[in-house]
Every structure is written in structure tokens, then in C-alpha cells.
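Chains as they are written, first to last, in this note's numbering: chain A, 8 to 157; chain B, 74 to 257.
Backbone N, C-alpha and C fix where the C-beta goes; we use that ideal spot for every residue, glycine too.
One structure is given below, encoded as C-alpha cells.
This is the structure we're talking about:
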């Protein structure tokens with residue numbers, strides 16, 4: 008009986024912790040997916056003139072299936088940027104990320120770089136060298152990374 | 074022949090085990106703290122974890138635990154080597170009259186400071202404690218693992234078993250300690 012009581016006490020404590028630190032996971036997921044859409048639109052805007060001139064091509068026809076604890080399964084899209092014979096992909100990795108509301112991995116033939124958002128819609132490139140270096144994702148830094156990855 | 078100056082800094086296997094348990098608990102607490110930074114924005118994560126997914130964190134801490142286990146096994150085996158070598162020199166310097174003491178003195182006369190743990194010390198013990206020689210055979214097999222750890226793990230070791238956990242290692246070295254403690 009004593010064990011049952013202490014177990015119940017343990018469960019109550021965990022429940023209280025959950026209530027005091029409650030995260031609205033469905034809302035978090037919506038915000039995460041929305042932040043990806045906004046980011047992709049921003050990238051399109053930065054690259055529009057080059058796409059119109061036929062220097063590159065942006066394709067978003069591939070789905071990414073993610074499954075995260077608390078959040079569950081969901082689908083989102085990756086962005087593929089074709090430049091000449093090269094491909095750079097931006098692939099969502101999830102919203103349950105340490106120190107960030109989400110992460111995208113940007114991959115090319117010459118490597119990979121992380122893109123994180125420590126605050127909503129404030130995207131940063133992140134690289135371990137081995138210390139973590141972060142810097143803003145802006146039009147110019149994004150174009151520089153595109154060149155570095157192919 | 075110059076005497077070996079014994080340091081007295083040998084570790085007991087009980088101390089190594091207790092230290093292992095402390096480190097394991099500390100590692101689990103740390104893991105729990107890092108994981109809670111995912112859902113609690115009030116917790117500031119250590120910079121090196123920023124950007125990691127839960128799968129990457131799990132892999133990181135699994136690797137940390139594996140490394141801790143390797144180092145603990147290494148410490149346990151080293152403590153046992155220290156016990157066997159200290160016992161060897163004690164018998165030689167104290168002119169131990171037992172059969173083992175006489176054997177050790179002859180070896181020391183012949184090989185000086187080039188005493189092999191496996192060939193000289195362990196093989197001598199195996200001849201004396203025939204009924205428990207399999208305990209020394211297990212320890213000899215364990216020394217292959219120690220050798221692999223000590224030399225940088227660059228080859229695929231043939232260990233005779235897939236994995237030496239700290240508890241398996243402790244069990245093997247404890248039997249050697251018991252034999253030496255029983256004396257001959």
C-alpha cells in the first residue's frame with residue numbers, strides 16, 4: 008500500500024510539473040510549419056531574379072515525413088535548388104531542437120550546414136568548428152552558402 | 074638490481090566501481106537536464122548541444138556512456154595489473170618462502186626489470202592455483218581488451234566475446250583479487 012501511495016505521489020508530481028511547464032504541442036507544430044513556409048518564401052524572394060533569368064531552378068515537390076516525441080507524425084516539404092548540374096537541398100529536421108524552435112539542414116555536394124531559429128522566424132546558420140558558430144541568414148549570407156556548398 | 078619504487082597510488086576495484094556509479098548517475102542527470110531544455114525555454118542549454126535533434130542527443134549520450142564504460146574497464150584491469158605486480162615485488166623483496174615467492178625471485182633474477190605480466194606473473198600463478206586457473210585465463214583474455222584500449226583501438230579486436238561490460242570486467246578482476254588476497 009505504501010508503494011502504491013508513493014507511486015501515486017510520484018505521478019502527481021509529474022502531472023504538476025507537466026501543468027506548470029505545459030507546451031501546447033499542436034500550436035507549436037503549426038507555428039513550426041508556418042515558419043518553414045515563411046522562410047521558403049523569403050528564399051524564393053532572394054532568388055527570384057536569378058530564377059527568372061534561368062540561372063537556377065527551385066523545386067518543392069518532395070515531402071518530408073517527420074515523427075517527433077510529443078509532436079507526433081507530420082509532413083512538410085523540402086526545397087531543392089538546382090544550380091547548373093548541382094543540387095542544394097533544404098530539409099526540415101524537426102522542431103524539438105536544443106536551443107531552437109526548429110532546424111533545417113542545407114546540403115550540397117561539398118557539405119552541409121545547419122539552419123536554426125533560436126527565436127521564431129529569426130533564422131541563423133550554425134556550424135560546429137568545433138565550437139558552435141552562428142550567423143544571420145540574410146540574402147547575402149544565403150547566397151554565399153549556396154556557393155560554398157557546390 | 075635496483076628496486077622498483079612502489080607508488081602506493083594503486084586503485085582498489087571497489088573505488089573504481091563506486092566512481093563509475095557516481096559518473097553514470099551524473100551523466101544521466103546531465104542528459105535529463107539537456108533534454109529538458111527542449112521543452113522548457115527557461116533552461117539554457119550548453120552551447121555544444123544547440124541545434125541537436127533528440128535522436129542526435131540520444132546518440133551523443135549513448136556514446137558518452139560507452140566511453141565511460143571503456144574507461145572504467147580500463148581502470149579495473151589496470152588496478153588488477155597493479156595488484157599482481159605489487160604482489161610480485163612484495164614476494165621478491167620480502168624473500169617470501171612460498172613456492173610462488175621462490176619462482177618469482179628466480180624470474181626477477183633472470184629478467185630484472187623486464188617482467189612480463191602475462192608470461193611471468195600470471196603463468197606462475199596458473200601453475201600454483203591449478204583449480205582456479207580458469208580465473209586467470211579469463212583475465213588473460215581480458216588483457217587483450219586492455220591492450221586494444223591502451224593502444225588507441227585502431228584495429229578490430231578479437232576478444233573472444235562481443236563486449237566486456239563493466240560488470241563482466243568487475244566479475245573477472247574480482248576473482249583475481251580474491252585469489253591474490255587468499256595468498257599462497
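When you compare the CB of residue i with every CB in chain A, is at least one pair closer than 8 Å?
| i | result |
| --- | --- |
| residue 110 of chain B | yes |
| residue 101 of chain B | no |
| residue 135 of chain B | no |
| residue 140 of chain B | no |
| residue 120 of chain B | yes |
| residue 123 of chain B | yes |
| residue 246 of chain B | no |
| residue 216 of chain B | no |
| residue 107 of chain B | yes |
| residue 156 of chain B | no |
| residue 190 of chain B | no |
| residue 213 of chain B | no |
| residue 173 of chain B | no |
| residue 84 of chain B | no |
| residue 130 of chain B | yes |
Does chain B have any CB closer than 8 Å to the CB of residue i?
| i | result |
| --- | --- |
| residue 120 of chain A | no |
| residue 139 of chain A | yes |
| residue 123 of chain A | yes |
| residue 20 of chain A | no |
| residue 15 of chain A | no |
| residue 104 of chain A | yes |
| residue 38 of chain A | no |
| residue 80 of chain A | no |
| residue 107 of chain A | yes |
| residue 34 of chain A | no |
| residue 30 of chain A | yes |
| residue 76 of chain A | yes |
| residue 110 of chain A | yes |
| residue 133 of chain A | yes |
Taking the alpha carbon of residue i as the reference point, which residue from the options has its own alpha carbon closest?
| i | options | result |
| --- | --- | --- |
| residue 58 of chain A | A:88, A:138, A:132 and A:68 | A:88 |
| residue 56 of chain A | A:156, A:146 and A:157 | A:146 |
| residue 269 of chain B | B:184, B:86, B:82 and B:171 | The question about residue 269 of chain B has no answer here: the residues shown for chain B are numbered 74 through 257. |
| residue 187 of chain B | B:171, B:167 and B:161 | B:161 |
| residue 227 of chain B | B:79, B:234 and B:218 | B:218 |
| residue 118 of chain A | A:157, A:126 and A:141 | A:157 |
| residue 247 of chain B | B:109, B:104 and B:151 | B:151 |
| residue 81 of chain B | B:156, B:112 and B:170 | B:156 |
| residue 126 of chain A | A:139, A:136 and A:143 | A:143 |
| residue 84 of chain B | B:170, B:200, B:154 and B:240 | B:154 |
| residue 75 of chain B | B:233, B:144, B:234 and B:182 | B:182 |
| residue 63 of chain A | A:44, A:86 and A:41 | A:86 |
| residue 139 of chain B | B:170, B:249, B:237 and B:184 | B:237 |
List the whole-angstrom C-beta distance separating residue i from residue j, where the pair is believed to meet the contact cut-off of C-beta under 8 Å.
| i | j | result |
| --- | --- | --- |
| residue 97 of chain A | residue 113 of chain A | 5 Å |
| residue 71 of chain A | residue 83 of chain A | 5 Å |
| residue 165 of chain B | residue 175 of chain B | Contact flag wrong, Cβ pair sits at about 10 Å. |
| residue 100 of chain B | residue 137 of chain B | 6 Å |
| residue 141 of chain B | residue 106 of chain B | The Cβ separation is near 17 Å, so there is no contact. |
| residue 216 of chain B | residue 147 of chain B | Rounded, the Cβ-Cβ distance is 11 Å, inconsistent with contact. |
| residue 73 of chain A | residue 101 of chain A | 6 Å |
| residue 131 of chain A | residue 120 of chain A | Wrong, their Cβ atoms sit about 10 Å apart, outside the cutoff. |
| residue 61 of chain A | residue 93 of chain A | The pair is not a contact, with the Cβ atoms about 15 Å apart (cut-off 8 Å). |
| residue 120 of chain B | residue 139 of chain A | 5 Å |
| residue 50 of chain A | residue 99 of chain A | Not really, about 13 Å apart at Cβ, beyond 8 Å. |
| residue 202 of chain B | residue 245 of chain B | Incorrect: roughly 15 Å between the Cβ atoms, too far for contact. |
| residue 239 of chain B | residue 145 of chain B | 5 Å |
| residue 214 of chain B | residue 233 of chain B | 5 Å |
Interface residues of chain E around residue i at Cβ under 7 Å?
| i | result |
| --- | --- |
| residue 100 of chain A | The structure shown contains no chain E; its protein chains are A and B. |
Consider the C-beta atom of residue i and the heavy atoms of the ligand ATP; say whether any pair is separated by less than 7 Å.
| i | result |
| --- | --- |
| residue 12 of chain A | The ligand ATP is not part of the structure shown, which contains no ligands of any sort. |
task: Could you tell me which uninterrupted beta strand (DSSP E) segments, each at least 3 residues in length, are contained entirely in the segment 48 to 72 of chain A, listed from first to last along the chain?
output: 63 to 66
- prompt: Counting pairs of beta carbons, one from the segment 148 to 157 of chain A and one from the segment 83 to 95 of chain B, are three or more of them closer than 8 Å?
  reply: no
query: Is it true that the segment 26 to 40 of chain A meets the segment 67 to 81 of chain A, where meeting means three or more beta-carbon pairs spaced less than 8 Å apart?
result: yes
- request: Flag this pair as touching only if the segment 105 to 120 of chain A and the segment 123 to 140 of chain B have three or more C-beta atom pairs under 8 Å; answer yes or no.
  value: yes
- request: Determine, using beta-carbon pairs with one atom in the segment 208 to 219 of chain B and one in the segment 184 to 200 of chain B, whether at least three such pairs fall under 8 Å.
  value: yes
field: beta strand (DSSP E) runs contained entirely in the segment 69 to 123 of chain A, provided each spans 3 or more residues
entry: For the segment 69 to 123 of chain A, the continuous beta strand (DSSP E) assignments of 3+ residues that do not extend past its boundaries occur at 70 to 75, 79 to 84, 86 to 90, 93 to 101 and 110 to 115, in sequence order.
Sequence ranges, alpha helix (DSSP H) only - wholly within the segment 134 to 197 of chain B, length at least 4: Counting only runs of 4 or more, we get 172 to 184.
- request: Quick one: which unbroken alpha helix (DSSP H) runs of 4-plus residues sit fully inside the segment 219 to 256 of chain B? Chain order, please.
  value: 239 to 255
- prompt: Going along the chain, which unbroken runs of the alpha helix (DSSP H) with 4 or more residues stay wholly within the segment 79 to 132 of chain B?
  reply: 86 to 112
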